[in-house]
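So the structure is just underneath, and the comments pick up after that.
2 protein chains.
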Amino acid sequence: MAAGPHGTPTLRDVAEGAGVHAATASRALNPATRGLVNAETARRVMKVAETLGYRPNPMARGLKTAKSGTIGLVIPDLTNPFFPPVVRGIEEVLEPAGYSGLIVNTDNDLLRERTQVDLLRSRQVEGLIVATALVDHPLLEQLHRERVPMVMVNRRPHGFDVPSTVPDDAAGVALAVEHLAGLGHTRIAHLAGPTTTSTGGVRARAFRNAVRDLGLDDDPRLTVVCHRWSEDAGAEGLRTLLDGDAEFTAVVAANDLIALGCYDVLSERDISCPDDLSVVGFNGMPFLDKLGPPLTTIAIPHQQIGAEAARLLLDAIADPTRSARSVLLPVTLVVRESTAPPRRCAGAVR
Amino acid sequence: MAAGPHGTPTLRDVAEGAGVHAATASRALNPATRGLVNAETARRVMKVAETLGYRPNPMARGLKTAKSGTIGLVIPDLTNPFFPPVVRGIEEVLEPAGYSGLIVNTDNDLLRERTQVDLLRSRQVEGLIVATALVDHPLLEQLHRERVPMVMVNRRPHGFDVPSTVPDDAAGVALAVEHLAGLGHTRIAHLAGPTTTSTGGVRARAFRNAVRDLGLDDDPRLTVVCHRWSEDAGAEGLRTLLDGDAEFTAVVAANDLIALGCYDVLSERDISCPDDLSVVGFNGMPFLDKLGPPLTTIAIPHQQIGAEAARLLLDAIADPTRSARSVLLPVTLVVRESTAPPRRCAGAVR
DNA sequence: ACGATTGCTGCAATCGACTGCATGATCGAC
DNA sequence: GTCGATCATGCAGTCGATTGCAGCAATCGT
Numbered sequence: 482m483a484a485g486p487h488g489t490p491t492l493r494d495v496a497e498g499a500g501v502h503a504a505t506a507s508r509a510l511n512p513a514t515r516g517l518v519n520a521e522t523a524r525r526v527m528k529v530a531e532t533l534g535y536r537p538n539p540m541a542r543g544l545k546t547a548k549s550g551t552i553g554l555v556i557p558d559l560t561n562p563f564f565p566p567v568v569r570g571i572e573e574v575l576e577p578a579g580y581s582g583l584i585v586n587t588d589n590d591l592l593r594e595r596t597q598v599d600l601l602r603s604r605q606v607e608g609l610i611v612a613t614a615l616v617d618h619p620l621l622e623q624l625h626r627e628r629v630p631m632v633m634v635n636r637r638p639h640g641f642d643v644p645s646t647v648p649d650d651a652a653g654v655a656l657a658v659e660h661l662a663g664l665g666h667t668r669i670a671h672l673a674g675p676t677t678t679s680t681g682g683v684r685a686r687a688f689r690n691a692v693r694d695l696g697l698d699d700d701p702r703l704t705v706v707c708h709r710w711s712e713d714a715g716a717e718g719l720r721t722l723l724d725g726d727a728e729f730t731a732v733v734a735a736n737d738l739i740a741l742g743c744y745d746v747l748s749e750r751d752i753s754c755p756d757d758l759s760v761v762g763f764n765g766m767p768f769l770d771k772l773g774p775p776l777t778t779i780a781i782p783h784q785q786i787g788a789e790a791a792r793l794l795l796d797a798i799a800d801p802t803r804s805a806r807s808v809l810l811p812v813t814l815v816v817r818e819s820t821a822p823p824r825r826c827a828g829a830v831r
Numbered sequence: 482m483a484a485g486p487h488g489t490p491t492l493r494d495v496a497e498g499a500g501v502h503a504a505t506a507s508r509a510l511n512p513a514t515r516g517l518v519n520a521e522t523a524r525r526v527m528k529v530a531e532t533l534g535y536r537p538n539p540m541a542r543g544l545k546t547a548k549s550g551t552i553g554l555v556i557p558d559l560t561n562p563f564f565p566p567v568v569r570g571i572e573e574v575l576e577p578a579g580y581s582g583l584i585v586n587t588d589n590d591l592l593r594e595r596t597q598v599d600l601l602r603s604r605q606v607e608g609l610i611v612a613t614a615l616v617d618h619p620l621l622e623q624l625h626r627e628r629v630p631m632v633m634v635n636r637r638p639h640g641f642d643v644p645s646t647v648p649d650d651a652a653g654v655a656l657a658v659e660h661l662a663g664l665g666h667t668r669i670a671h672l673a674g675p676t677t678t679s680t681g682g683v684r685a686r687a688f689r690n691a692v693r694d695l696g697l698d699d700d701p702r703l704t705v706v707c708h709r710w711s712e713d714a715g716a717e718g719l720r721t722l723l724d725g726d727a728e729f730t731a732v733v734a735a736n737d738l739i740a741l742g743c744y745d746v747l748s749e750r751d752i753s754c755p756d757d758l759s760v761v762g763f764n765g766m767p768f769l770d771k772l773g774p775p776l777t778t779i780a781i782p783h784q785q786i787g788a789e790a791a792r793l794l795l796d797a798i799a800d801p802t803r804s805a806r807s808v809l810l811p812v813t814l815v816v817r818e819s820t821a822p823p824r825r826c827a828g829a830v831r
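Same order as they appear, the protein sequences are chains W and V. Start counting the first sequence at 482; every next residue gets the next number (the numbering used here). Start counting the second sequence at 482; every next residue gets the next number (the numbering used here).
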């Protein structure tokens, strides 16, 4: 067990073991420079490295090359079931490429976001995958100006071009509306996400387009904007909808959390789903099939979204001049028991 | 904007700006060595560092000090809702201490676990927080021998002493059984977790103890071991229970996922919960209150478990000689609608 | 008033890997 | 048999921060 004073074998240990200079060992071990070394010598060095269990010290390497081999993942809250699969998708791509992800949670707090990104940058991350909510974002703009390689997931940037991977929101909403229309609903409500997020806006617009395309009642009173992507906000949204005077027999929630908020109001007001009201979610988070009733939703490929984002980022790092590309991923309708034909003579639901 | 050729200001830039040597600047900036420097000089250096936006390069620092400021988090699957809150609890403690967590997923695969831990070690993590399932684990033993600072979450190590933070499993199970007994159940079944995990064993033993303590029917046929902590395994477990000839009116699942598996079987066989069968889960994962029916469960303080684990690890890093301390965290019973008194003349459920 | 202590700062080596440049060896060509 | 080309390897400096040691000045004690 030849090893340096610190226990782990160093490049010099390997070089010594192979009877060559550290420089030669370095070249032999690096596939890109291996050609510079005699094939036989290279083989020998590699064998010694192998038996010694040599691991290049990423700090020493990073110090010299100014590369850390890490990527910062900026997400609002890991506890939101949306993100873990996305993270796994990201790591699935990053790992084989020799990168690791550093996760930070911002809780959608602007200040916290800033300090967390600072933290990441001080850790020398080579790029950022950003999943935060806000669409108009001075910090993002600043990072973009500073040429920090960056990709957005699930959100589109506003003014400047940054690569992004997003689900096909418009198609998803259309799927939901068509499904409800097919069941016979004509007055469908929408609980929109915050307008401060691109997703909220896109889905709301897609909703009205779908309603119009199908010739359903296009009543502006049937769209209520939730101020957050949360159960609470969803509950509040449905309450104002119910307390309004517009009739509706179905609601398309801008995401599953908002739909879950609806469930709270339903039991609170003793409204039956799907008998009195059909509900459709969006995102396809886990365990939706165990709800009472199981929630019909638009499933999106979380893992793929992450994987694509990671690929885009690696591309951007490899070639910073490449223009921003964005990926739109297909979504699917998952029909469960929260949707059904409207009752014969459904009036205003209250 | 004075800065080095790479854009980010270096220690020498600061030193130059303050008219001192880099060594002095280093000492002035490090709180531990600041006393060695003239107070006025230190102030000046710090001000220059501030205005320059100086960030010490963690790689250079790490190279010299052989510390990376990172901790490895070894978890089975981030997608399992159990872990995200634990991770947040961990980071909540790690961050103020200047550490970052590097997350890897093992999918409970022994080989993958090994390569992932190798990855972490090659990234020079200063310690490991391990949440993997297996109780007899050559890799863990090896790490322990190699003196890698390490803490386990939610599991107790088998042969050797490693600090750990676990929920009070025994108390939780007792709470569940008492709750059911209080409702009038006398024949209570247990869907145990894998015996390869300490948690599985502990909860199963606690179950039998609780049943005996309360003078309920202690029938060995009423305990079935699930071979994994998953919905599938839970479903399978309940099926064998139902297909057996022992009567029971309630079931304590070793965790929520197993309880969710029960829900599948209930609808599959048209058994009503809680009318025909009461079900109690364990862990208190999110959205359980939205299920049909909302699941009664034992809530455990996920975030606290993580935070305590991180604290233990920081202690272990600071003083490796300190003996292993373990923390037991209190759990609470959350009563919802999956439990009710048994029907008057409940026979065998089938 | 002189040697000794204390306080502050600079010098230079170090951590481990990378890399431009130079040197040495080998071989072919004329 | 010598010269130049090619190939392989070694040398030494570099990345940025840290730290033992030395040096210098101011202060103290007697």
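Yeah, the Cβ is synthetic: ideal placement off N, Cα and C, and Gly gets one too. Note that the structure is a prediction, hence the values are computed from the model and not measured.
- Taking a 10 Å sphere around the C-beta of W:Asp737, we find 16 or more other C-beta atoms and assign the residue as buried.
- The CB of V:Arg569 comes closer than 7 Å to the CB of Leu559, Thr560, Asn586 in chain W, given here in chain order.
- Closer than 9 Å to the CB of V:Ser759 there is not a single CB belonging to chain W.
- With a cutoff of 9 Å on beta-carbon distance, V:Ile584 and W:Ile779 are scored as not near each other.
- In the structure shown, the three-state DSSP call for V:Pro539 is helix.
- Annotation: W:Ala797 to W:Pro630 spans about 6 Å, alpha carbon to alpha carbon.
- At least one beta carbon of chain W lies nearer than 9 Å to the beta carbon of V:Arg604.
- The bridge partners DSSP lists for W:Val808 are W:Thr646.
- Contact between the stretch 587-594 of chain V and the stretch 575-590 of chain W is absent, with fewer than three C-beta pairs closer than 8 Å.
- Of the residues V:Gly543, V:Val647, V:Gly534, the one whose Cα lies closest to the Cα of V:Leu810 is V:Val647.
- Of the residues assessed, W:Arg750 falls on the exposed side of the cut-off, its CB having fewer than 16 other CB atoms within 10 angstroms.
- Interface flag for V:Asp599 against chain W is set, since a Cβ pair is found closer than 9 Å.
- Close to chain V, meaning a Cβ-Cβ distance shorter than 7 Å, are the following residues of the stretch 772-783 of chain W: Leu772, Gly773, Pro774.
- For W:Gly762, there are no neighbours in chain V by C-beta distance under 7 Å, as the nearest C-beta there is about 11 Å away.
- Three or more Cβ pairs closer than 8 Å define a contact, and the stretch 685-701 of chain V falls short of that threshold against the stretch 814-822 of chain V.
- In the structure shown, W:His502 adopts coil according to DSSP, grouped into three states.
- For W:Val598, the enclosing alpha helix (DSSP H) begins and ends at 591-603.
- At a cut-off of 9 Å between beta carbons, W:Asp745 contacts chain V.
- Note that the C-beta distance between W:Arg604 and W:Thr551 is below 9 Å.
- Among the CB atoms of chain W, none fall inside 9 Å of the CB of V:Leu814.
- Selection V:Pro801, V:Ser807, V:Leu793 evaluated against V:Leu575 yields V:Leu793 as nearest (Cα-Cα).
- Taking W:Gly534 as the centre and dropping the five residues before and after it, the same chain places the C-beta of Pro490 closer than 7 Å to its C-beta, in chain order.
- Around the beta carbon of W:Thr802, fewer than 16 other beta carbons sit within 10 angstroms, so the residue counts as exposed.
- Secondary structure of V:Ser748 (DSSP, three-state): helix.
- V:Leu583 belongs to the set of residues whose beta carbon lies under 9 Å from a beta carbon in chain W.
- Judged by their CB atoms, W:Leu492 and W:Val555 are not nearer to each other than the 9 Å cut-off.
- In this structure, V:Val634 keeps its C-beta atom at 9 Å or more from the C-beta atom of V:Gly553.
- W:His671 is bridged by DSSP to W:Thr704, W:Val733.
- When DSSP reads this structure, W:Met766 sits in no beta bridge, so it has no partner.
- Pairing W:Val501 with W:Arg536 gives a Cβ-Cβ distance that is not under 9 Å.
- Taking every protein chain shown into account, the CB of V:Asn538 has 16 or more other CB atoms within 10 angstroms, so this residue is buried.
- Contact of V:Ala734 with chain W is not assigned, every C-beta pair being separated by 9 Å or more.
- Distance from the CA atom of W:Ser804 to the CA atom of V:Ala530, rounded to whole angstroms, is 36 Å.
- With respect to the C-alpha of W:Phe763, the residue from W:Lys771, W:Asp770, W:Ala740 having the closest C-alpha is W:Ala740.
- Looking at the DSSP output, W:Ala780 shares a beta bridge with W:Asn764, W:Thr813.
- Within chain W, the residues Met540 have their CB atoms less than 8 Å from the CB of V:Gly543, given in chain order.
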